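Worksheet: the structure to be examined is printed underneath.
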Amino acid sequence: MSYTERLPRTRTYLMCPPAHFTVEYAINPWMDTTVPVDPALALKQWILLRDALTDLGHTVHVLEPVPGLPDMVYAANGAFSVDGRVYGARFKYPQRAAEAAAHRAFYAGEAGGPWTFADPVHVNEGEGDFAYLPAAHGGLILAGHGFRTDPAAHAEAQEVLGRPVISLKLVDPAFYHLDVALAALDDENIVYYPAAFSESSQRVLAQLFPDAVIADRADAESFGLNLVSDGRHIVLNSEATALGEKLSAAGYTPVHVELGELKRGGGSVKCAVAELRP
Ligand code: ARG
Numbered sequence: 015m016s017y018t019e020r021l022p023r024t025r026t027y028l029m030c031p032p033a034h035f036t037v038e039y040a041i042n043p044w045m046d047t048t049v050p051v052d053p054a055l056a057l058k059q060w061i062l063l064r065d066a067l068t069d070l071g072h073t074v075h076v077l078e079p080v081p082g083l084p085d086m087v088y089a090a091n092g093a094f095s096v097d098g099r100v101y102g103a104r105f106k107y108p109q110r111a112a113e114a115a116a117h118r119a120f121y122a123g124e125a126g127g128p129w130t131f132a133d134p135v136h137v138n139e140g141e142g143d144f145a146y147l148p149a150a151h152g153g154l155i156l157a158g159h160g161f162r163t164d165p166a167a168h169a170e171a172q173e174v175l176g177r178p179v180i181s182l183k184l185v186d187p188a189f190y191h192l193d194v195a196l197a198a199l200d201d202e203n204i205v206y207y208p209a210a211f212s213e214s215s216q217r218v219l220a221q222l223f224p225d226a227v228i229a230d231r232a233d234a235e236s237f238g239l240n241l242v243s244d245g246r247h248i249v250l251n252s253e254a255t256a257l258g259e260k261l262s263a264a265g266y267t268p269v270h271v272e273l274g275e276l277k278r279g280g281g282s283v284k285c286a287v288a289e290l291r292p
């Protein structure tokens, strides 16, 4: 394989500490309410993730955690921003509904902005089901549906954000959000686990991204695809060693972090990190 120099771009992120993190309801197959979480360990792991991002030179804004919202640590679900426009979230399950207003208030404060905020009509879970590739085909949004986000939200996001949205159907309940099945590696390329998508959606991805890195089921089950990349450094959890090797072979630099407690809620690195795109 020819060597490609992968260039990092400095990013701005939003994270919310797991101050009230528990698994007290089960809304995805990974959540087991009978196994207690270790709140101190969850917080320690979250701090190491935040430090990994700031050590790479990125800015991390912090969202104030709200008591009674145990999934708020998964900050990626709260909104989706592109070029200063923010498409707000509307959660599928009532247990998470109030998180949307906390994110809305963050954008109203203009940190990392300025922002133009649009309240959604349709159910959508922010960056959990939306990814942005600024240099792919002039700027492309990839959007998942099948478990959480309503496909009607894909058209709504296209109108709010003014970028083409490619709808992709998720078919495996273990990979209930786009961001556990697919990730942007840089401004134009992706990594994904094909079998998480319908056959037609697999054809769409193969057509648009012929150079994608292909992950297997073990990579996806280790939550390796739930990664955050700055274009060169790829932060992914410590379980995902095999995927880390594939990404190294493609010229990226994996940065592994331990995030075992957040996996109990059905999430990992990317779920905990919203990218702000002013
Ligand atoms: N327990 C959360 C839920 O089921 C986990 C969310 C994970 N976030 C993500 N971006 N995939 O909603």
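Numbering (this note's numbering), first residue to last: 15 to 292.
Positions of the beta carbon are idealized from the N, C-alpha and C atoms, including for glycine.
As the structure is a prediction and not an experimental result, all values here were calculated from the model.
Quick one: what's Thr130 bridged to in DSSP? Per DSSP, the beta-bridge partners of Thr130 are Arg99.
Leaving aside the five residues before and after Met15 along the sequence, list all residues of the same chain whose C-beta is less than 6 Å from its C-beta, in chain order. Legend: pLDDT at Met15 = 48, less than 50; position of this residue unreliable, no value from coordinates given.
Out of Leu67, Lys58 and Tyr39, which has the shortest C-alpha to C-alpha gap to Ala288? Among Leu67, Lys58 and Tyr39, the Cα nearest to that of Ala288 is on Leu67.
Mark Pro84 as exposed unless 16 or more other C-beta atoms lie within 10 angstroms of its C-beta, in which case mark it buried. In the assembly as shown, Pro84 is a buried residue. Its beta-carbon has 16 or more other beta-carbons within 10 Å.
What do you get for Met29, buried or exposed, if any count of 16 or more other CB atoms within 10 angstroms of its CB means buried? With a 10 Å radius around the Cβ and a threshold of 16 neighbouring Cβ atoms, Met29 comes out buried.
Rounded to the nearest angstrom, what separates Tyr27 and Gln221 at their Cα positions? About 30 Å.
Residue of Trp60, Val96 and Val37 minimising C-alpha distance to Val49: When each option's Cα is compared against that of Val49, the closest is Val37.
Does ligand 1 have a heavy atom nearer than 6 Å to the CB of Ala90? For Ala90, the shortest separation between its Cβ and any heavy atom of ligand 1 lies below 6 Å.
CB contact flag (Leu5, Gly158, <7 Å): Because the chain in this structure spans residues 15 to 292, residue 5 falls outside the shown range and cannot be described.
Return yes when the Cβ of Ala93 is within less than 7 Å of the Cβ of Gly82, no when it is not. Cβ atoms of Gly82 and Ala93: not closer than 7 Å.
Assuming the contact rule is C-beta atoms closer than 8 Å, Ala229 and Leu257 should be a hit. Round their C-beta distance to whole Å, please. The C-beta distance from Ala229 to Leu257 rounds to 6 Å, short enough to meet the 8 Å contact threshold.
What do you reckon, are the CB atoms on Leu175 and Arg99 nearer than 7 Å? Yes, the pair counts as a contact, with Cβ atoms nearer than the cut-off.
Under 7 Å between the Cβ atoms of Leu241 and Val194? For Leu241 and Val194, no; Cβs fall outside 7 Å.
Pairwise C-alpha distance: Thr24 and Ser212: Cα atoms of Ser212 and Thr24: separation of roughly 34 Å, rounded to the nearest angstrom.
Give, in chain order, every unbroken run of the beta strand (DSSP E) that is at least 3 residues long and sits entirely within the segment 16 to 45. Counting whole runs of 3 or more residues, the segment 16 to 45 contains the beta strand (DSSP E) stretches 26 to 29.
Delimiting residues of the beta strand (DSSP E) encompassing Glu235: Where Glu235 is concerned, there is no enclosing beta strand (DSSP E), although the alpha helix (DSSP H) it sits in stretches over Arg231 to Glu235.
Among Trp129, Gly71, Ser282 and Val137, the one whose alpha carbon lies nearest that of Ala111: Of all alpha-carbon atoms in Trp129, Gly71, Ser282 and Val137, the one lying nearest the alpha-carbon of Ala111 is that of Val137.
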